[in-house]
Amino acid sequence: MPTIQRDALHAFIDRQLLQVESTPVPVELRPAVEDGSMTADEVHALWMGAGIASQIGMALALDPSRFVEPWPVADETETPAAA
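Last residue of the sequence shown? That's 89 in our numbering, and every number before it is there in order.
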């Protein structure tokens, strides 16, 4: 049964958090604070959450085998089902 490689996932998240935390909030998000729809803290939290979510999502989409073992391998003798 496939399992999550937690040590690898945690190490990856730690590295990505350092990158996200060191990236300034883009100026394009300033209007949300200026028009009063969000506080500066809310914008910062949104930026952090979106940053880490996108990093994790891309890593899982591009190479899920880094964090899930064993990753199923397609049998080369099988043909794809007809659409």
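Quick reminder that beta carbons are idealized off the backbone N, C-alpha and C, glycines included.
Distance between beta carbons of residue j and residue i, contact taken as under 8 Å
i   : j   : result
E75 : T29 : About 31 Å; that fails the 8 Å criterion.
G57 : V26 : 4 Å
Cβ shell of residue i (< 7 Å), same chain only, five flanking positions each side left out
i   : result
V49 : V31, L35, A38, V39
A80 : none
W53 : V31, L35
Per DSSP, the bridge partner or partners of residue i
i   : result
V74 : I10
Sequence-distant residues of the same chain with beta carbon closer than 8 Å to residue i, five excluded per side
i   : result
Q11 : R72, F73, V74, E75
M7  : none
L66 : F73
Simplified DSSP assignment, three categories, for residue i
i   : result
P37 : helix
M54 : helix
W63 : According to the sequence shown, residue 63 is Gly rather than Trp. Three-state DSSP puts G63 in a helix.
A17 : helix
D47 : helix
Beta-carbon contacts of residue i that lie in its chain and below 6 Å, excluding the five residues immediately before and after
i   : result
Q61 : Q22
L68 : none
L15 : F73
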